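Asks:
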Amino acid sequence: MHAGGPYAAANGQVAIDIYPKIRPIDIVDTDFWEFDRNRRTWYPQRGIIEDTIKLDENGKNSYLVESFDSQIYYGQLISETAVSSDRGKHVAARASATYFGVDQFVGIERPDEFNKYRIGNRQEVQVNEPWPINVLVVSKDQEIISDKTVSVSVYERGERQYGQIDPYEWTEFFNCEIISQPQKASCEFTPTAETHYRIVAEITDSKGHSHLSYIEIEAIDDETRWLDKPEPKEVVEIEMEMTSDNKKVAVGDLVECSVQNHFDSTPVLVTVERAGVIDQWLVRLDNVDPVFEFEVLETYAPRFRLVVLSTAPKTPAGHVGSVYHGSFYQLAKVGFTIENPRLIPLSIKVAADRQTYSPRDSVKLTITSERNYGKSIPIEYAIAVIDEALLDLSDAGEDYYDPTQKIWDIDTDGVMIYGLVTRLMNISRKKTTSGSRSRMN
Numbered sequence: 001m002h003a004g005g006p007y008a009a010a011n012g013q014v015a016i017d018i019y020p021k022i023r024p025i026d027i028v029d030t031d032f033w034e035f036d037r038n039r040r041t042w043y044p045q046r047g048i049i050e051d052t053i054k055l056d057e058n059g060k061n062s063y064l065v066e067s068f069d070s071q072i073y074y075g076q077l078i079s080e081t082a083v084s085s086d087r088g089k090h091v092a093a094r095a096s097a098t099y100f101g102v103d104q105f106v107g108i109e110r111p112d113e114f115n116k117y118r119i120g121n122r123q124e125v126q127v128n129e130p131w132p133i134n135v136l137v138v139s140k141d142q143e144i145i146s147d148k149t150v151s152v153s154v155y156e157r158g159e160r161q162y163g164q165i166d167p168y169e170w171t172e173f174f175n176c177e178i179i180s181q182p183q184k185a186s187c188e189f190t191p192t193a194e195t196h197y198r199i200v201a202e203i204t205d206s207k208g209h210s211h212l213s214y215i216e217i218e219a220i221d222d223e224t225r226w227l228d229k230p231e232p233k234e235v236v237e238i239e240m241e242m243t244s245d246n247k248k249v250a251v252g253d254l255v256e257c258s259v260q261n262h263f264d265s266t267p268v269l270v271t272v273e274r275a276g277v278i279d280q281w282l283v284r285l286d287n288v289d290p291v292f293e294f295e296v297l298e299t300y301a302p303r304f305r306l307v308v309l310s311t312a313p314k315t316p317a318g319h320v321g322s323v324y325h326g327s328f329y330q331l332a333k334v335g336f337t338i339e340n341p342r343l344i345p346l347s348i349k350v351a352a353d354r355q356t357y358s359p360r361d362s363v364k365l366t367i368t369s370e371r372n373y374g375k376s377i378p379i380e381y382a383i384a385v386i387d388e389a390l391l392d393l394s395d396a397g398e399d400y401y402d403p404t405q406k407i408w409d410i411d412t413d414g415v416m417i418y419g420l421v422t423r424l425m426n427i428s429r430k431k432t433t434s435g436s437r438s439r440m441n
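If you're matching positions, the sequence shown starts at 1 in the numbering used here and goes up one per residue.
1. When you compare the CB positions of L269 and L282, do they come within less than 8 Å of one another, or not?
2. Exposed or buried, which one is F68 when buried takes at least 16 other CB atoms within 10 Å?
3. Output the distance between the C-alpha atoms of N287 and F263, rounded to the nearest integer angstrom.
4. Do R110 and W170 have their C-beta atoms within less than 8 Å of each other?
5. What first and last residue would you give for the beta strand (DSSP E) that runs through H90?
6. If we ignore side chains and look at the alpha-carbon of each, how far apart do I78 and D17 end up?
7. Along the beta strand (DSSP E) that carries R305, what are the first and last residues, could you check?
8. Considering just the uninterrupted stretch of the beta strand (DSSP E) at G335, what are its terminal residues?
9. At a cut of 8 Å, does the stretch 95–113 reach the stretch 129–138 through at least three beta carbon pairs?
10. For G47, which of helix, strand or coil comes out of DSSP?
11. Where does H325 sit, in a helix, a strand or coil, going by DSSP?
12. State the beta-bridge partners of H211 as determined by DSSP.
13. On a Cα-Cα basis, can you pick out the residue from D86, K89, T98 and A10 that is closest to P20?
14. Could you check the C-alpha separation between A82 and V363 for me, to the nearest Å?
15. Between the C-alpha atoms of I119 and D31, what's the straight-line distance to the nearest angstrom?
16. Once you ignore the five residues that flank I25 on each side, which residues in its own chain have a CB closer than 8 Å to its CB?
17. By the three-class DSSP mapping on this structure, what secondary structure does T30 have?
18. Would you kindly report the start and end of the unbroken beta strand (DSSP E) that includes K248?
19. Have a look at Y73, E388, A352 and A312 and flag the residue whose alpha-carbon is nearest the alpha-carbon of I22.
20. Go to D279, then tell me how far its beta strand (DSSP E) extends in each direction, as first and last residue.
21. Please classify F328 as buried or exposed, where buried requires at least 16 neighbouring CB atoms within 10 angstroms.
22. If you check the beta carbons only, do T190 and R157 fall under 8 Å apart?
23. First and last residue of the beta strand (DSSP E) that includes Q126?
24. Just reading off the beta strand (DSSP E) that V138 is part of, what are its end residues?
25. How is G397 classed by DSSP in three states: helix, strand or coil?
26. Just to confirm my understanding: we take W131, look at its own chain, exclude 5 residues before and 5 after, and list those with CB closer than 6 Å. What are they?
27. Which two residues bound the contiguous beta strand (DSSP E) that contains T81?
28. Q13 lies in the beta strand (DSSP E); which residues open and close that run?
29. Excluding the 5 residues preceding and the 5 following F174 in the sequence, name in chain order all residues of the same chain whose CB lies nearer than 7 Å to its CB.
30. Leaving out the 5 sequence neighbours to the left and right, which residues in its chain are closer than 6 Å to R94 when beta-carbon positions are compared?
31. Quick one: is H451 buried, meaning 16 or more other Cβ sit within 10 Å of its Cβ, or exposed?
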């Protein structure tokens, strides 16, 4: 905190959240095994603990978490602590740890390899043929557990239901108990109809907590199902492209751009964009030589993105004159930067009339700067007096007041305010490597 010493007897807050994750299992191929699938544990649990703390004379506090009720089997525990200063400001820190809600996991073997990119995942078994339900119990230390009772229930999918978390009704069709072994153990189940079945395996771990996994399979009958399906036709997607030989340009340059694979029946819309549309026009491209030119204006500085939009008119027979059947539009874009002397930072020097001051003394500053572009253009100086304790409360430090270290937002206030200090405080934020926003208020 301030002055680098301990912040004694300060008030603070602690909050703990748990975010679920899939437990990585290395001793089996998880493409064929399902561990840790429970609808009740798919969402994070926030605010498991929310409490106030007080630092000791050394600026420290130890907060003990004995246990809490959570249905999440495995995930990441995140603790966020904030300490407030006597000026009402806060400094926060975050820590994380691996969380185990259970110490034993039960897995079910799938009929086929899991593939999230394939519709239905082909988890199929045959009607009226026995299928072994294979299970395996693994500890949190990745050791196989033997002699553990596994309760298995099979549910048959029924009518569709509305207004419920699960879109279908499920009726228990079969159940059995399996004693886990060093290798996979099983009991046999025979589906009797072409429908979907849900297989649920549940255990109680060494601390009395329940762990549940389930898979869904489809029972099919090859004798009644048409298997000779035609091979799908391969669809080749061709994207519109735009290229330019030079992406570093200057004001007044004539830039040439080439467009490939555009809709040849309509003109294209060209827009110059930077936090919005700066300029726009229509161009009808030559089908043989699809090239257009534009002049770089001063309003495009310091950088801009050129976007080309090509649309296809819709007719009863489809989209006209293109290989993009079924597409309504195509986009292509190229980014440019402008070599503009206005962007050279001003060199500024600040000198005070003396080295030290006392409260209520008048301070005289001499500010000089060298003009890089046009002596007739006025220079605006923004002066901010900052309590150094404010800088100690954040790692941003003086970067809050450095325009080159800020990300500028579009001004959405009702009244446009052009004061430099106001803009630094209200509609800009510090650049961060983690993507979080350090906003000035």
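The beta carbon of each residue, even a glycine, is placed where N, CA and C say it ideally should be.
Computed from a predicted model, the values in this text were never measured in an experiment.
Replies: In brief:
1. The Cβ atoms of L269 and L282 lie closer than 8 Å to each other.
2. The residue is exposed, with fewer than 16 neighbouring Cβ atoms inside 10 Å.
3. Taken atom to atom, the span from the alpha-carbon of N287 to that of F263 is near 9 Å.
4. With a cutoff of 8 Å on beta-carbon distance, R110 and W170 are scored as not near each other.
5. Residues H90 to F100.
6. Linking I78 to D17 through their CA atoms gives a straight-line distance of about 5 Å.
7. Element bounds for R305: R303 to T311.
8. Where G335 is concerned, the enclosing beta strand (DSSP E) stretches over Y329 to E339.
9. The answer is yes - the stretch 129–138 touches the stretch 95–113, with three or more Cβ pairs under 8 Å.
10. Three-state DSSP puts G47 in a strand.
11. With a pLDDT of 49 at H325, under the threshold of 50, the predicted position of this residue should be treated as unreliable, though the coordinate-derived value follows. H325 falls in the coil class under three-state DSSP.
12. Answer by DSSP bridge pairing, in chain order: I203.
13. Measuring from the Cα of P20, the nearest candidate turns out to be T98.
14. In a straight line, the C-alpha of A82 is about 36 Å away from that of V363.
15. Note that I119 scores 46 on pLDDT, short of 50, meaning its location in the model is unreliable and no value can be drawn from it.
16. The residues are W33, F35, F105, G107, V138 and Q142.
17. In the structure shown, T30 sits in coil (DSSP, three-state: anything other than H, G, I, E or B).
18. K248 to A250 is the span of the beta strand (DSSP E), which, as asked, contains K248.
19. Of the listed residues, the one whose Cα sits closest to I22 is Y73.
20. That run of the beta strand (DSSP E) goes V277 to V283.
21. Counting other Cβ atoms within 10 Å of its Cβ, F328 stays below 16 and is therefore classed as exposed.
22. In terms of Cβ geometry, T190 and R157 do not form a close pair [threshold 8 Å].
23. For Q126, the enclosing beta strand (DSSP E) covers residues E124 to Q126.
24. Bounds of the beta strand (DSSP E) holding V138 are W131 to S139.
25. In this structure, G397 counts as helix in the three-state DSSP scheme.
26. Within its own chain, the residues whose Cβ lies closer than 6 Å to the Cβ of W131, once the five positions on either side in sequence are excluded, are V125 and F189, listed in chain order.
27. Segment Y74 to S84, the beta strand (DSSP E) holding T81.
28. Where Q13 is concerned, the enclosing beta strand (DSSP E) stretches over N11 to P20.
29. Taken in chain order, the residues that qualify are V154 and F189.
30. So the qualifying residues of the chain are E80.
31. In this structure the chain extends from 1 to 441, so residue 451 is not present and cannot be described.
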